[in-house]
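Notes follow the structure.
In my numbering, the protein residues as written are 210 to 349.
Now the structure itself:
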């Protein structure tokens, strides 16, 4: 196990290798520990599109709170007939929408800020196999 105490390492001169078309697996040597890793890298255009989609979905979820929260308060303040389950089902539905927007909206905005198009970061072992997960390294 390797424990690394830094949050960001810089790549060698030339910067991050970005493919022009489809995703590509790239070999990288860590400048600090000199170990060889493989990463799956998206093109810059694809990474920007994903960031844009995450931001749009996040903002739409947060903006939906402007409609769902007042509607929830309005429906929650009304009296319902005894035995009428449709009113409680409607309030439950709107409560679920509000909870979803409160949790998922900031999550999508956070994911948009963190997304850099690099995935499947794996350590390349001496026998040529790759590990499933590398703990403590962030090259990008």
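Backbone N, C-alpha and C fix where the C-beta goes; we use that ideal spot for every residue, glycine too.
- Of the residues 318, 285, 257, the one whose Cα lies closest to the Cα of residue 269 is 318.
- Collapsing the DSSP output to three states places residue 334 in coil.
- Boundaries of the alpha helix (DSSP H) around residue 305: 294-323.
- Residues 317, 318, 321 of the same chain have their beta carbon placed closer than 8 Å to that of residue 264, with the five preceding and five following residues left out of the count.
- Proximity of the region 273-290 to the region 301-311 meets the contact definition, three or more beta-carbon pairs being nearer than 8 Å.
- Per the C-alpha coordinates, the member of 248, 304, 240 positioned closest to residue 279 is 304.
- DSSP, read as helix, strand or coil, puts residue 329 in strand.
- Residue state for residue 244 is assigned as coil, using DSSP reduced to three classes.
- Comparing C-alpha distances from residue 282 to each of 300, 333, 338 shows the shortest one belongs to 300.
- Contact check for residue 230 and residue 252: beta-carbon distance about 6 Å, within the 8 Å limit, so the pair qualifies.
- Taking the CA atoms as reference points, residue 233 sits about 10 Å from residue 327.
- The beta carbon of residue 329 sits closer than 7 Å to those of 248, 249, all from its chain and outside the five residues before and after it, given in chain order.
- Per DSSP, residue 230 lies in no beta strand (DSSP E) and is assigned neither H nor E.
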